[in-house]
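Engineer: Our numbering applies: residue 9 is where the sequence shown begins, and numbers increase by one.
The beta carbon of each residue, even a glycine, is placed where N, CA and C say it ideally should be.
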Amino acid sequence: MTAQAHQDPHTQTQLRVEIDGTELRTELADDLLEVRVDTGVRTIGRAQLRFLDRGTFADGVVELGKSVAISSVWPAQVVFSGTVTGVGIEATDRGATVTATVHDQAYNLSRDRAVTTHQKMSDADIIRSTVKGAGLRADVDIPGRSHEWAFRADSRLGLVDEIAGRLGCDWAVLEDRFAIWPVTGSAPWARQTPVVDLGVELIGFAVRREETGPSTFTVRGWDPEQQRSVTGTATTSIPGDRNGFAPAESRTKSAVLATGQLSMTDAEAEEVAGGLAAAAGRVSGRGRGGFLPGLRPGGLVTIRSAGSADGTYYVREVSHQVDSTSLRTTFVVGDRPPVRLTDPWRAPPPASSLRHTGITVARVDDINDPDKRGRVRVALEGVSDSASSSWARVLSLGAGPDRGLVVLPEVGDEVLLAFEDGDVRRPVVLGGLFGKQSTVPEPALAPNSSEVSTRHFVSREGHRIEMADGKADAEQYVRMALADDRSYVRIGKDKTEIYAAEKPLVITSGEGSAAASLTFDGRGNLTINATSITMKAKRSLALEGMDVEAKASTTFEASAKTRAVVTGTTTVIKGSTSTEISGAVVKIN
Numbered sequence: 009m010t011a012q013a014h015q016d017p018h019t020q021t022q023l024r025v026e027i028d029g030t031e032l033r034t035e036l037a038d039d040l041l042e043v044r045v046d047t048g049v050r051t052i053g054r055a056q057l058r059f060l061d062r063g064t065f066a067d068g069v070v071e072l073g074k075s076v077a078i079s080s081v082w083p084a085q086v087v088f089s090g091t092v093t094g095v096g097i098e099a100t101d102r103g104a105t106v107t108a109t110v111h112d113q114a115y116n117l118s119r120d121r122a123v124t125t126h127q128k129m130s131d132a133d134i135i136r137s138t139v140k141g142a143g144l145r146a147d148v149d150i151p152g153r154s155h156e157w158a159f160r161a162d163s164r165l166g167l168v169d170e171i172a173g174r175l176g177c178d179w180a181v182l183e184d185r186f187a188i189w190p191v192t193g194s195a196p197w198a199r200q201t202p203v204v205d206l207g208v209e210l211i212g213f214a215v216r217r218e219e220t221g222p223s224t225f226t227v228r229g230w231d232p233e234q235q236r237s238v239t240g241t242a243t244t245s246i247p248g249d250r251n252g253f254a255p256a257e258s259r260t261k262s263a264v265l266a267t268g269q270l271s272m273t274d275a276e277a278e279e280v281a282g283g284l285a286a287a288a289g290r291v292s293g294r295g296r297g298g299f300l301p302g303l304r305p306g307g308l309v310t311i312r313s314a315g316s317a318d319g320t321y322y323v324r325e326v327s328h329q330v331d332s333t334s335l336r337t338t339f340v341v342g343d344r345p346p347v348r349l350t351d352p353w354r355a356p357p358p359a360s361s362l363r364h365t366g367i368t369v370a371r372v373d374d375i376n377d378p379d380k381r382g383r384v385r386v387a388l389e390g391v392s393d394s395a396s397s398s399w400a401r402v403l404s405l406g407a408g409p410d411r412g413l414v415v416l417p418e419v420g421d422e423v424l425l426a427f428e429d430g431d432v433r434r435p436v437v438l439g440g441l442f443g444k445q446s447t448v449p450e451p452a453l454a455p456n457s458s459e460v461s462t463r464h465f466v467s468r469e470g471h472r473i474e475m476a477d478g479k480a481d482a483e484q485y486v487r488m489a490l491a492d493d494r495s496y497v498r499i500g501k502d503k504t505e506i507y508a509a510e511k512p513l514v515i516t517s518g519e520g521s522a523a524a525s526l527t528f529d530g531r532g533n534l535t536i537n538a539t540s541i542t543m544k545a546k547r548s549l550a551l552e553g554m555d556v557e558a559k560a561s562t563t564f565e566a567s568a569k570t571r572a573v574v575t576g577t578t579t580v581i582k583g584s585t586s587t588e589i590s591g592a593v594v595k596i597n
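1. Using CA atoms only, rank isn't needed, just tell me which of S392, V423, S327 is closest to A370.
2. Hey, would you say S446 sits closer than 9 angstroms to G439, going by beta carbons?
3. At which residues does the alpha helix (DSSP H) containing V106 begin and terminate?
4. For the alpha helix (DSSP H) containing E278, name the first residue and the last one.
5. Specify whether the region 414-430 and the region 181-189 touch according to this definition: at least 3 beta carbon pairs, one from each stretch, less than 8 angstroms apart.
6. Pick out whichever of R199, A288, E510 has its Cα sitting closest to the Cα of T243.
7. Taking just the CA atoms, how far does E325 sit from D46?
8. Excluding five sequence neighbours on each side, which residues of the same chain lie with their C-beta closer than 6 angstroms to the C-beta of T125?
9. Applying the 10 Å Cβ sphere with the 16-neighbour rule, what's the burial state of E510?
10. Give the single residue among Y485, G576, G583, T578 whose Cα lies nearest to the Cα of T563.
11. Does DSSP put R119 in a helix, a strand or coil?
12. Taking DSSP as the reference, what is the three-state secondary structure of L490?
13. What is the residue span of the beta strand (DSSP E) that G212 lies within?
14. Based on the DSSP secondary-structure assignment, which residues constitute the bridge partners of M129?
15. Using 8 angstroms for Cβ pairs, my map puts F225 next to A266. What's the rounded Cβ distance?
16. Could you pull the DSSP bridge partners for P190 from this structure?
17. Would you mind listing the beta strand (DSSP E) stretches within the region 496-578 that are 3+ residues and don't spill past its ends, in chain order?
18. Of the residues R217, L206, V419, which one's Cα is nearest the Cα of N376?
19. By Cβ distance, which residues of its chain are closer than 8 angstroms to D529, with the 5 residues on each side in sequence left out?
20. Quick check on I589: buried or exposed, where buried means 16 or more other Cβ atoms within 10 Å of its Cβ?
21. Would a C-beta distance cut-off of 9 angstroms place P451 and V386 closer than the cut-off?
22. Does the contact criterion of 3 or more C-beta pairs under 8 angstroms hold for the region 295-307 versus the region 168-182?
23. What three-state label does DSSP hand E428 in the structure shown?
24. Among residues of its own chain, excluding the 5 on either side of H197, which ones have a beta-carbon nearer than 6 angstroms to its beta-carbon?
25. Given this structure, state the Cα-to-Cα distance separating V415 from D147, to the nearest angstrom.
26. With a floor of 4 residues, list each alpha helix (DSSP H) that falls wholly inside the region 28-73, ordered by position along the chain.
27. With D205 as the anchor, note down where its beta strand (DSSP E) starts and where it stops.
28. Counting Cβ pairs closer than 8 angstroms, one from the region 99-110 and one from the region 361-370, do we hit at least three?
29. Output the boundary residues of the beta strand (DSSP E) element that contains P435.
30. Measure the C-alpha to C-alpha separation of F253 and R217 and round it to an integer number of angstroms.
31. Compute the distance between the beta-carbons of G173 and S118, then report whether it is under 9 angstroms.
32. CB-CB under 7 angstroms to G141, same chain, minus the five flanking residues each way: which ones, in chain order?
33. Under a Cβ-count criterion, where at least 16 other Cβ atoms within 10 Å of its own Cβ denotes burial, should R468 be classed as buried or exposed?
34. Is the beta carbon of V437 sitting closer than 9 angstroms to the one on R381?
35. Nearest to L405 by alpha carbon, out of S398, W399, L413?
36. Count the other C-beta atoms from every protein chain shown that fall within 10 angstroms of the C-beta of I150, then say buried if there are 16 or more, exposed otherwise.
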């Protein structure tokens, strides 16, 4: 499109439109009624081309998926490039028009939505990998701190923009190049600062500064590794190269303490505090004028001949509009993000790649914690067949230094998962879940009762600890048993039992030579082994057996205060050296 009707009177430049690398035919360029290009930081750029439809437009010139490049003739530079994503026709009694909607390559970042994980990658590496997957080159200028684990639950664009907002960065796309930079800097392609004068290139310029919002941000979080709080502080500031209508030092100091900002280290808290401070700008302005192809979002512009508004500003948004009468540009500048109205009945926000505020169900897929901290890893099967969490801590009763109940879930168990402060990098397993496939070991309620009658803990192999709270004495007990129920200990109101079927049962006290033991061999035999054994009965003591043998290595003594009787069908009293029988009266036969 090079018709004189589309020539700007100030810059004496023209627009050129190319589709799939070919400039528009003359007749189609003559039917081009309007071109509008809208670009900005942290947004998908869009252009609209409106043509007069003479009934022959369906010749395939403008079709979905075709590439479009819009350039200025002088200076020769690309103003916008992208792909046709929509074509519409509007017909009235005055005729018909065809409008082609074109989005820049940032649109490719928004087209897919998947769940993926990243291991041991920095924010910069994550962005490079994400952008490269959409066919874009990446120019990344952000902090390079590494994450053990990161997660994407949204589109590529959603993840990139969420990281940008968290760290106080802006991003934009130019042709096939994606760039992200701190808001205190500028886009890498904005190497020169255009200078525009009111009354020459500019028709009007308005700027406003605000003294609202905090000036200092302190982010406070928690380090689960060191079990201590972390803090980071940042103050709002304006870079020295942005002196347009710069606010003076605030007379009133205000500060904000921000919690729940997904910070696990002091360095991360500093980064997040910087991101909050960067979004708390005070200056915003808007200008309009002739065609200004040199203005780009993320760059700078110097305003002159505007009185107190003279100075250099950060460019946030640029719009070019071309029709049969003129070429003109409007732009938004300043360090204050625009306030946008939202629909109160809008759909819920898209999934976050950094936060998850609710709880979810997952399945354990690994319990071999490389750091031996009792953590597990879970598969997020509800969102992906391949996504697994970072290592998750397990909620445990009485957990503390070298104490607490240690009960890890098994691989394959269904568990309830939450996230500390909503940070998806810090999962916590709240517990396992019973269900149709994971059935309860046995009913906890007594028949025809609304009270819990038993509480039990059952291992994978079926070993169990059971506490019963029945009505009768026999139904109130604590019982620990192996799976086959042939070895158990039961302490009850009615009785106490220790049972080991066909297995040895040994009770030992002491160590080494001082040890004493009571051994049941499981075959009906009992052995008592001790340094000395004392048996006392308050009333009577009876020893009975088919064969009873008493043997002493040195001395054997049996005595009674009144009467001692030794009887038998045959009685033998024998001494290998001598035998002595004595008494006041000795009777034999």
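Structural biologist: From the atom records:
1. Minimum Cα-Cα distance from A370 among the listed residues S392, V423, S327 corresponds to V423.
2. Contact: no.
3. Unbroken run through V106 is the beta strand (DSSP E), 103-111; no alpha helix (DSSP H).
4. Counting along the chain, the alpha helix (DSSP H) containing E278 begins and ends at 274-286.
5. Verdict: no, contact absent.
6. Comparing Cα positions, the closest option is A288.
7. Approximately 8 angstroms, taken between the alpha carbons.
8. Taken in chain order, the residues that qualify are F159, A395.
9. Looking at its Cβ environment, which holds fewer than 16 other Cβ atoms inside 10 Å, E510 is exposed.
10. Checking every option, the nearest Cα to that of T563 belongs to G583.
11. In this structure, R119 counts as coil in the three-state DSSP scheme.
12. Reduced to three states, the DSSP call for L490 is coil.
13. Taken as a continuous stretch (DSSP letters only), the beta strand (DSSP E) holding G212 covers 210-217.
14. According to DSSP, M129 bridges with H155.
15. In this structure F225 touches A266 by the C-beta definition: roughly 6 angstroms separates them, less than 8 angstroms.
16. Residue pairing by DSSP puts P190 in a beta bridge opposite C177.
17. Counting only runs of 3 or more, we get 504-508, 513-517, 524-528, 534-537.
18. For the options R217, L206, V419, the alpha carbon positioned closest to that of N376 is the one of V419.
19. For D529, where only same-chain residues beyond five positions count, the Cβ hits under 8 angstroms are P512, T535.
20. By the beta-carbon neighbour count (other beta carbons within 10 angstroms, threshold 16), I589 is exposed.
21. No, these two residues do not count as a Cβ contact at 9 angstroms.
22. Segment contact: the region 295-307 against the region 168-182, three or more CB-CB distances shorter than 8 angstroms; contact assigned.
23. In the three-state reduction of the DSSP assignment, E428 falls in the helix class, which pools H, G and I.
24. A small fix is needed here, since residue 197 is Trp in this sequence, not His. The residues L182, in chain order, have a CB closer than 6 angstroms to that of W197 in the same chain once the five nearest residues on each side in sequence are set aside.
25. The straight-line gap separating the alpha-carbon atoms of V415 and D147 is approximately 47 angstroms.
26. You should have 34-38.
27. Here the beta strand (DSSP E) through D205 covers 203-205.
28. Because the criterion of three Cβ pairs below 8 angstroms is not met, the region 99-110 and the region 361-370 do not touch.
29. Segment 435-440, the beta strand (DSSP E) holding P435.
30. Their backbone Cα atoms lie some 7 angstroms apart in a straight line.
31. It is not a contact, given that the beta carbons lie outside the stated cut-off.
32. Shown here for G141: same chain residues with a beta carbon closer than 7 angstroms to its own, the five before and five after excluded, namely R164 in chain order.
33. With fewer than 16 Cβ atoms within 10 Å of its Cβ, R468 is classed as exposed.
34. No, they are not a contact pair.
35. Among S398, W399, L413, the Cα nearest to that of L405 belongs to L413.
36. That one is buried.
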